[in-house]
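Asker:
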Amino acid sequence: MTISATAGRAPGVVYTPRDVCEPMVRRALEPLVRGRSKDELLALRVCDPAIGEGAFLVEIVRVLGDLVGDRRAVAERCIVGIDVDPRAVAEARAAVERFVGAPVPALREALRVGDALAADWEPVDAVVANPPYVRQELLGTAKHALRRFAVYDGVADLYVYFVELAHRIVRRGGRYCLVVPNKWLTAAYGRPLRELLEREASVEGIVDFGRGLFGDAYAFPCIVWGTVGG
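What follows is the structure in structure tokens.
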């Protein structure tokens, strides 16, 4: 998540604490796991398109692993993600392996370095993420890629594109749960996103926290979740 400077990390990077990740993962996955067999659970694909240091990935493995009884198998089969920061991707892979207590070679392919908004994605069953809070004006020549999104606005923050991305890559009936700034609810640049969500009729809930989720970090976050094409 990109909102303020933190020692030892790239300028603007603050990562998501577990007490935010864990309930978001459960909110996203609970309708998908209800009544599923072990094999059906291991067939789920859950994506974090802005993996940071892997906090959401660990919680996905925890939740599904406790249901399946095999966290390593979940780590091998069920999680996918991407981040522009190679150091963060390496740390995310290591965090998942520490959590399951064993190497997971499949993570070298499942967790990749790259641009989530330009990647070719295979369909997934759920997206859970804390996307970057960065003004697109800072992107320079990369900004042209954003024009293919329905939520494009010349001054929009990057997170609005990740909300649309979730709707693009999640299968019909799949789920999303994202923590983003609350500015899209009222800002002019958020109008295309509001219109998209109205057309999709996917939103099941929004919780606006004001400040407080991320300590002293300057952010006014909200959590939005729902079912795509449901």
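With our numbering, the residue at position 180 of the sequence shown is 201, and numbering never jumps.
Glycine included, every Cβ here is placed at the ideal spot set by N, Cα and C.
#1: Whole-angstrom Cβ separation of D146 and G195, contact assumed at under 8 Å?
#2: According to DSSP, is V145 part of a helix, a strand, or is it coil?
#3: Helix, strand or coil for R133 per DSSP?
#4: Any chance the region 83-101 sits against the region 115-133, with 3 or more Cβ pairs inside 8 Å?
#5: In angstroms with no decimal places, state the Cα-to-Cα distance between V249 and P144.
#6: Quick check for students: name the residue ranges of the alpha helix (DSSP H) that lie wholly in the region 163-243, counting only runs of 4 or more.
#7: Using a Cβ-Cβ cut-off of 6 Å (strictly less than) and excluding sequence neighbours within five positions of A115, which residues of its own chain qualify?
#8: Run through the region 29-106 for me and flag every whole beta strand (DSSP E) of 3 or more residues, listed as ranges in chain order.
#9: Can you look up A150 in the DSSP assignment and give me helix, strand or coil?
#10: With a 10 Å radius around its C-beta and 16 neighbouring C-beta atoms as the bar for buried, classify A176 as buried or exposed.
Answerer: According to the structure data:
#1: As a first step, residue 146 is located in the sequence shown; it is residue number 125 there, counting from the start. As a first step, residue 195 is located in the sequence shown; it is residue number 174 there, counting from the start. Going by Cβ atoms, the distance from D146 to G195 rounds to 5 Å, so yes, they are a contact pair.
#2: The residue labelled residue 145 in the question sits at position 124 within the sequence shown. Correct three-state label for V145: strand.
#3: Position 112 of the sequence shown holds residue 133. Here R133 sits in strand by DSSP.
#4: yes
#5: For the purposes of this step, residue 249 is taken as residue 228 along the sequence shown, with counting starting at 1. For the purposes of this step, residue 144 is taken as residue 123 along the sequence shown, with counting starting at 1. Roughly 12 Å separates the two Cα atoms.
#6: DSSP assignment within the region 163-243 yields the following whole alpha helix (DSSP H) runs of 4 residues or more, N-terminal first: 180-190, 212-221.
#7: Taking the sequence shown and counting its residues from 1, the one referred to as residue 115 is at position 94. Around A115: no qualifying Cβ.
#8: 67-69, 100-104
#9: Locating residue 150 in the sequence shown gives position 129, counting from the first residue. Strand, per DSSP.
#10: For the purposes of this step, residue 176 is taken as the residue at position 155 of the sequence shown. Note that residue 176 is Val in the sequence shown here, rather than Ala. With fewer than 16 Cβ atoms within 10 Å of its Cβ, V176 is classed as exposed.
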